[in-house]
Structures are given as structure tokens and as C-alpha cells.
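Undergrad: Okay, here's the structure, questions in a sec.
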Amino acid sequence: MAPIDSAKTQESSGTSFYTMQVSPQSFSENAAVSGKVVLPITHDKQQYWLMTSEQKGLLLTDKNGVTLAQYPGNFEALDRRADIVIANKKWDMLATVDNESGAALLIGLDWQNQAFKLLTTITHASSIEALCLQTLPHQPNSTPNVAVILADDQGKLTQRIMVDGQQKSLSNVLLREFVGVPQVKGCAVDDASQSLYLAEENIGIWRYAAEPEAELVRELVAVSGVHGRLKGEVTSVDTLADGRLLVATPEQHGVWYIDPRQVNEAQLIELKGTLGVESVHGLSTKQGLLVGLFDDETGVYQQAVLPITEAIQGPVSPRFNAVLPTVQTEAVATSGDAADDPAIWHNAQAPDQSRILGTNKKRGLNVYSLKGELLQSLAVGRVNNVDVRHGFTLAGKTFDIAAASNRSKRSISLFAIEPHTGEVSYLQDVATDLNDVYGLCMAQVNNQYYVFINDTDGHFEQYQLEGKGSQIKGKLVRQFKVGSQPEGCVVDDEYAQLYFGEEAKGIWQVDATVSKALPRLIAPLNDDFVADVEGMGIYHLDQKRYLVASSQGNNSYGVFALDDRNRYLGSFTIDMNLPANIDGVSETDGLEISSLSFGDAFPNGLMVAQDGRNVMPSLNQNFKLVDATQIAQLIRNWL
2 MAPIDSAKTQ ESSGTSFYTM QVSPQSFSEN AAVSGKVVLP ITHDKQQYWL
52 MTSEQKGLLL TDKNGVTLAQ YPGNFEALDR RADIVIANKK WDMLATVDNE
102 SGAALLIGLD WQNQAFKLLT TITHASSIEA LCLQTLPHQP NSTPNVAVIL
152 ADDQGKLTQR IMVDGQQKSL SNVLLREFVG VPQVKGCAVD DASQSLYLAE
202 ENIGIWRYAA EPEAELVREL VAVSGVHGRL KGEVTSVDTL ADGRLLVATP
252 EQHGVWYIDP RQVNEAQLIE LKGTLGVESV HGLSTKQGLL VGLFDDETGV
302 YQQAVLPITE AIQGPVSPRF NAVLPTVQTE AVATSGDAAD DPAIWHNAQA
352 PDQSRILGTN KKRGLNVYSL KGELLQSLAV GRVNNVDVRH GFTLAGKTFD
402 IAAASNRSKR SISLFAIEPH TGEVSYLQDV ATDLNDVYGL CMAQVNNQYY
452 VFINDTDGHF EQYQLEGKGS QIKGKLVRQF KVGSQPEGCV VDDEYAQLYF
502 GEEAKGIWQV DATVSKALPR LIAPLNDDFV ADVEGMGIYH LDQKRYLVAS
552 SQGNNSYGVF ALDDRNRYLG SFTIDMNLPA NIDGVSETDG LEISSLSFGD
602 AFPNGLMVAQ DGRNVMPSLN QNFKLVDATQ IAQLIRNWL
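Each residue of the sequence shown is one higher than the last, beginning at 2 in this note's numbering.
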């Protein structure tokens with residue numbers, strides 16, 4: 002990684018890093034405009050600079066620093082994304098902070114007229130210390146959403162979508178708020194890896210996952226002080242086209258060139274004649290890495306070419322095709338990992354009045370309309386998984402029936418569903434022999450009703466439900482075991498087959514009748530369909546059956562052709578539907594899918610998936626509803 006004129010420096014700890022020396026040059030004009038950021042950019046193969054200034058505002062200059070366009074104000078921070086489409090016009094979008102009002106500004110650079118235009122203003126309750134732009138992941142041949150991330154003096158990060166790519170319009174939708182760092186000095190996003198980098202003044206460089214559905218974790222990738230190579234304050238961070246970082250440490254009279262994947266190969270670039278470089282931003286050129294520098298001690302902008310060649314990364318397309326949710330349920334009442342598994346009750350007389358049953362595994366069973374409204378909440382205990390069957394008769398009365406695994410009682414909780422209204426009422430519990438009941442599904446085979454329930458240790462029990470007077474008796478008719486933790490399962494009643502997931506191994510199939518048949522693994526994990534295997538359901542399309550199962554490890558859903566030797570067809574994700582103000586789906590536990598018609602909103606069926614991270618804004622977990630027409634199209638394309 003080191004240029005040919007580098008030298009290796011040995012530290013007292015025995016580790017080493019590379020150093021090199023470069024002599025920066027001043028601009029012929031606008032060198033001393035007292036700002037903070039100077040960005041090297043290109044347009045139509047020509048090189049330009051963007052500069053912030055406390056007196057002159059925002060400047061577009063030629064390669065020598067001669068002003069071409071100006072937007073008045075008092076600015077220091079700056080970030081840019083090129084070719085952003087708004088109302089069918091392309092802009093360079095610039096994000097900065099007005100030092101007078103404290104508001105963040107999004108300013109468009111119109112290259113056709115070589116002029117700036119204020120696009121929108123973002124007010125924020127606390128002082129904005131740093132900000133950066135982010136291009137969110139998007140499908141090929143689609144226009145991306147663009148977000149801004151604000152880092153404030155309270156140590157909070159706020160992520161907002163500011164451009165709706167689907168509508169090609171300005172937006173201002175809160176994605177999430179999360180914990181940042183208390184002394185933030187800089188912010189940058191690598192769009193290719195969806196990594197957010199924060200410079201914390203006396204600590205170093207932190208990396209977060211920037212994708213809004215990602216888990217909220219952070220990693221320290223470069224350390225300042227006695228435990229790291231960076232010395233003194235860390236004042237800025239910039240991401241380069243190859244995923245590497247430029248980091249400013251004024252006391253070392255230079256900048257760091259760091260590969261976050263190989264931090265032990267960090268390189269210090271000493272800048273001759275500088276007193277305290279506070280910010281650095283780079284652009285790959287044929288001559289090397291062109292950088293813009295601000296020396297806070299002299300108040301002067303400078304430029305330099307570093308003999309570094311970047312392996313420029315192209316745009317990274319999502320790994321899987323995506324479908325969009327069209328409805329979401331109200332969030333569950335309890336925080337944390339609470340919502341888990343849905344079931345769909347179909348109203349044959351009025352399909353649009355069908356119901357979603359969803360478990361809150363900290364409290365009970367919820368009942369939702371197809372519009373996502375909470376209609377009922379039954380506090381029956383920590384029910385984990387739920388399933389539904391139709392036409393059960395007890396004491397001369399016929400109703401639809403739901404069963405749920407109840408971890409509070411180590412039992413099967415049974416519910417009656419009124420066939421005309423969909424009203425759910427608690428009936429009773431059936432005791433099990435399991436220590437920690439977990440997954441559950443129902444079967445209606447040969448005019449018999451069964452419940453399959455499993456334990457976290459891999460044990461399965463099969464209970465036959467029978468009406469005896471005014472009570473339902475659960476008769477244990479079968480037991481078997483797998484090697485590790487299972488959960489999600491589904492029964493194909495017509496073919497009398499049980500499908501279930503062993504989270505760390507794959508999908509199993511076994512006879513759903515009372516038999517001594519042993520399960521067989523039909524869908525092992527692969528590079529796309531990964532652990533943990535969670536919820537599953539069966540979708541019928543063109544007289545064929547397709548098993549859909551959630552792959553929690555990569556937030557996707559695998560599809561298997563059951564009538565074609567269980568062949569894996571592909572996987573899809575559930576992405577953000579910004580016009581509907583519904584976030585994407587991640588960390589799915591349970592799901593259900595049906596090919597029945599549910600009225601005009603879901604004419605070709607419905608998929609319901611639990612959302613483990615409910616953002617836009619951040620709320621308790623809920624369930625997302627997807628028109629199965631989208632899934633049918635994916636399947637036909639795969640075939």
C-alpha cells in the first residue's frame with residue numbers, strides 16, 4: 002500500500018506504520034477565506050473546488066481557486082453527492098450548516114447555469130457539530146433515496162431522508178435517531194459499504210452501519226492517544242472511492258491514509274510547512290490522489306497530490322430483488338424484542354375484513370385489520386408463535402380456531418375466531434411436556450386438527466385436538482427431535498407435509514400424519530439462504546407450491562419450489578416504501594403468506610412479516626404487509 006517514497010516508522014510497541022512527505026501548494030485565489038472544508042470535485046472531466054467560508058459563504062472555483070459561483074453565508078462543514086435527480090433535473094447536492102442560525106442547509110449546484118440554489122433547510126434542536134450525506138442502497142436502474150446524517154453536541158445522530166428517489170422529489174422523513182459520540186468533529190459515509198464514520202476528538206474514528214435497517218453497533222477503527230497511532234485531536238474524516246479513509250490529526254502536521262479493513266497498514270502523510278491541518282478531502286485523479294487541506298493555524302486552504310492510486314469501486318447493487326410493503330400494523334405496546342409471529346385469518350364472506358393475528362411475546366396476542374389497525378389485544382401470557390385453521394366444531398358450534406405457543410405456561414393457548422366478524426376470544430390452554438415452548442404451527446389433515454409445537458432444545462410434540470363436551474382435549478400423539486434450536490414451521494394440509502426450520506442448519510420436511518417417519522433435510526443453508534432460519538409459509542401460484550422462509554442473518558426471504566424437488570429459486574428483501582412512509586423489514590422472526598384474495602388491496606394474496614427493527618421513525622416492533630403480486634412476479638421471473 003505504501004508509495005515508493007515511503008518509509009516505515011517503528012513504534013515503541015513494536016508495531017509500525019508507513020510515512021511519507023508531501024509539500025502542499027496554496028491556491029492562487031481564495032486561499033485565505035477562513036472556512037474549514039475544500040472539496041476537490043470533477044464535472045464533465047473538468048476539475049473544480051468547493052470551498053466553505055465564514056465570510057464569503059459557499060464557493061465554486063476553478064482548479065486554481067478562481068470564483069465561478071457563490072452562495073452567501075457563514076459556513077464551515079460541507080458534504081456532496083453528485084447527479085441527484087429532483088423534479089427531473091440533475092443537481093449536485095451540498096449539505097452544510099449555517100453558523101448564524103444553526104440550521105442545516107441543502108444547496109443544489111446547477112451545473113447548466115453554474116449557480117447555487119437553496120433546496121431546503123433543516124432545523125435541529127441541538128447544535129449541529131458535523132453532517133454528512135448518504136446515498137441509500139437501491140435496485141439497479143432505479144433512483145436512490147438520499148439521506149443526511151446530523152451529529153450534534155448532545156452526542157446524538159439523526160438520520161433523515163431528504164430526497165425521495167421514487168418520486169424524484171425533496172423529502173424530510175425522520176429515519177432514526179441513535180447514539181453518537183460526545184465530541185464529534187467530522188462525519189462521512191462510504192456508500193458502497195454503507196459505513197458511517199465519525200471522528201471523535203480525543204478518541205479516534207468510529208464505524209457504524211449506516212443502512213437504516215442495520216443493527217446498531219459501532220467499531221473503533223483508528224485510535225488516538227497512548228493506545229493508538231493517531232496523536233492529539235482527530236478533526237476530520239473523509240471516505241475515498243475505494244473505501245479507504247483520510248483522517249486529519251493537526252498535531253502530527255499531516256493526515257492519515259487508512260484502510261479500515263487493514264488498520265495495521267495505516268500511513269501517515271507528513272505535510273511540509275503546515276502548522277495544523279484540520280480537514281482533508283480527496284479525489285482520485287490520473288496524477289494521484291488530489292487533496293484539499295485547511296490549515297487552521299494559518300487559516301489557509303492548500304492542495305496537494307499524493308502518489309496514491311485508488312482501486313475505484315463501482316456502484317454496489319443490492320444482493321437480492323426487493324418487494325415493498327404497502328401496509329404496516331401499529332407497533333406493539335412493549336419495547337425490545339417483542340413482536341414475533343403472525344397468522345392470517347381469511348374472511349371468506351368479506352375478504353377485505355380478514356384479520357392478522359400477531360404475537361407479542363412479552364404480553365399476549367394482538368389482532369389487526371388489513372389496514373394495520375389494532376382491533377384486539379388479549380393478555381394471555383408470553384405467546385411466541387401462532388397459527389390458524391378453519392371450521393372447528395365444539396359442543397355443536399362451529400368456529401375458526403387459532404393456537405399459540407405460550408411460554409408463560411409451557412402450553413398451547415387456544416382461541417376461537419368468529420367466522421363472520423373475525424372477533425377472537427380466548428378458549429383454554431393445553432398443557433405440553435416441553436420445558437421451553439417456542440415454535441408452533443397447525444395442521445388440518447384427514448379431518449383431524451393437529452398442533453405441532455417445539456422446544457428450544459430441538460424437541461417436537463404433535464397434539465391432536467378433539468372436542469370433548471365443552472372443552473378441547475389435546476392428545477399427545479407423536480414426538481421427535483432435531484439436533485439444535487428450531488422455531489418456524491408450516492403444514493401443507495393437502496399433502497400432509499410438515500416443514501420446519503432448524504435455525505442453524507436449514508429446512509426439514511416430515512410426514513404430518515401420526516407416523517414414525519423421520520425428518521429429512523430438504524434445504525440446507527447456502528451462501529444466500531443463511532442462518533437463522535425463522536418463519537415460513539407456503540404460497541400457491543399457477544397450481545404449484547412455493548415455500549417462503551425468512552433468513553434472519555441477512556434480512557432476506559428464501560423461496561423454494563416444493564414441486565420441483567424443493568429447488569431453491571432465489572431470495573428477496575422487503576425494502577422501504579418511502580411514499581407510503583413505511584420502512585423496510587429486518588431481523589424477521591415469523592411470517593405468513595397466503596395466495597387467497599383479500600380484496601382490492603391484496604388481490605393475489607398477502608405476505609405478513611415481523612419487523613425486528615421498526616424505523617422511520619424508531620418505534621417498537623410491528624408487522625409489515627406485502628401485496629403478494631410482487632412475490633408472484635419474482636417467482637415467475639426466476640422460473
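C-beta atoms are modelled at their ideal positions from N, C-alpha and C, and glycine is treated no differently.
#1: Which same chain residues end up closer than 6 Å to LEU212 when comparing Cβ atoms and leaving out the 5 residues on each side of it in sequence?
#2: Distance check for GLU178 and ASP6, CA to CA, integer angstroms please.
#3: Which first and last residues belong to the beta strand (DSSP E) in which GLN718 is found?
#4: Would you mind reading off the limits of the beta strand (DSSP E) that contains GLN463?
#5: Taking only three categories from DSSP, how would you classify PRO525?
#6: Can you check which of these residues, PHE400, LEU59 and PRO73, is closest to LEU40 by C-alpha distance?
#7: On the three-state DSSP scale, how would you describe PRO352?
#8: Helix or strand or just coil, what does DSSP make of GLN480?
#9: When we look at the beta-carbon of ILE270 and count the other beta-carbons within 10 Å, is it buried (16 or more) or exposed?
#10: Pick helix, strand or coil for PRO308, following the three-state DSSP scheme.
#11: What number of angstroms, rounded off, separates the C-alpha of THR62 from the C-alpha of LYS287?
#12: Which whole runs of the beta strand (DSSP E) in the stretch 393 to 445 are 3 residues long or more, in chain order?
#13: Assuming SER409 and ARG383 form a contact by the criterion Cβ under 8 Å, report the distance between their Cβ atoms to the nearest whole angstrom.
#14: Among the residues of its own chain, which have a CB less than 6 Å from the CB of ALA629, if the five just before and after it don't count?
#15: Do you know whose CA, among LEU290, LEU284 and HIS254, lies nearest GLY274's CA?
#16: Using C-beta distances below 8 Å, list every residue in its chain close to GLU201, excluding the 5 sequence neighbours before and after it, in chain order.
#17: Counting pairs of Cβ atoms below 8 Å between the stretch 470 to 488 and the stretch 514 to 530, do you hit three or more?
#18: Consult DSSP for GLY300 and reduce its assignment to one of helix, strand or coil.
#19: If contacts are defined as beta-carbon pairs under 8 Å, then VAL328 and GLY373 qualify, I think. What distance do you get, rounded to the angstrom?
#20: Report the three-state DSSP secondary structure of ASN265 (helix, strand or coil).
#21: Among ILE523, PHE501 and GLY507, which one has its Cα closest to the Cα of ALA513?
#22: Which term fits SER225, buried or exposed, when burial requires 16 or more other beta carbons within 10 angstroms of its beta carbon?
#23: Does the stretch 37 to 55 come into contact with the stretch 76 to 95, if we say contact requires no fewer than three beta-carbon pairs (one atom in each stretch) closer than 8 Å?
#24: With a 10 Å radius around its C-beta and 16 neighbouring C-beta atoms as the bar for buried, classify ASN348 as buried or exposed.
#25: I need the straight-line Cα distance from ASN623 to THR335, nearest angstrom please.
#26: Taking 8 Å as the threshold, find out whether the stretch 462 to 473 comes into contact with the stretch 431 to 442 through three or more Cβ pairs.
#27: Just checking my contact of LEU325 with ASP576 at CB under 8 Å: how many whole Å lie between their CB atoms?
#28: Going by C-alpha to C-alpha distance, which of ILE632, ILE42, LYS57 and GLN48 sits closest to ALA33?
#29: Count the other CB atoms within 10 Å of the CB of LEU197; is the residue buried (16 or more) or exposed (fewer)?
#30: What is the DSSP secondary structure of GLN498, reduced to helix, strand or coil?
#31: Note down the Cα distance separating MET163 from VAL174, rounded to an integer number of angstroms.
#32: Could you give the distance in angstroms between the alpha-carbon of THR20 and the alpha-carbon of GLN135?
#33: Indicate whether the contact test is met: 3 or more Cβ pairs, each with one atom in the stretch 543 to 552 and one in the stretch 486 to 496, closer than 8 Å.
#34: ARG637 to THR394, Cα distance in whole Å?
#35: Kindly indicate which three-state DSSP category PRO251 falls into: helix, strand or coil?
#36: So for GLY507, helix, strand or coil by DSSP?
TA: Answer, in terms of the structure:
#1: A quick correction: the sequence has Glu, not Leu, at residue 212. Cβ neighbours of GLU212 beyond the five flanking positions: GLN195.
#2: Low confidence applies to ASP6: its pLDDT is 46, below 50, so where it sits in the model is not reliable, and the reading given next is rough at best. Those two C-alpha atoms are separated by around 45 Å.
#3: Coverage of the chain is limited to positions 2 through 640, which leaves residue 718 absent and any answer about it impossible.
#4: Per DSSP, GLN463 is one residue of the beta strand (DSSP E) stretching across 460 to 469.
#5: strand
#6: LEU59
#7: helix
#8: strand
#9: buried
#10: coil
#11: 20 Å
#12: 398 to 407, 412 to 418 and 425 to 432
#13: 5 Å
#14: Within the same chain, ALA629 has close Cβ partners ASN605, GLY606, LEU607 and MET608.
#15: HIS254
#16: VAL182, PRO183, GLN184, VAL185, LYS186, TRP207 and VAL235
#17: Output reads yes: the stretch 514 to 530 touches the stretch 470 to 488.
#18: coil
#19: 5 Å
#20: helix
#21: PHE501
#22: buried
#23: Using a C-beta cut-off of 8 Å, the stretch 37 to 55 makes contact with the stretch 76 to 95, since at least three inter-stretch Cβ pairs fall below that distance.
#24: Under this definition ASN348 is a buried residue.
#25: When rounded, the distance between both Cα atoms is 10 Å.
#26: Contact check between the stretch 462 to 473 and the stretch 431 to 442: three or more CB pairs, one atom from each, fall below 8 Å, which counts as touching.
#27: 6 Å
#28: LYS57
#29: buried
#30: strand
#31: About 7 Å.
#32: 31 Å
#33: yes
#34: If you take the alpha carbons of ARG637 and THR394, they lie about 39 Å apart.
#35: helix
#36: strand
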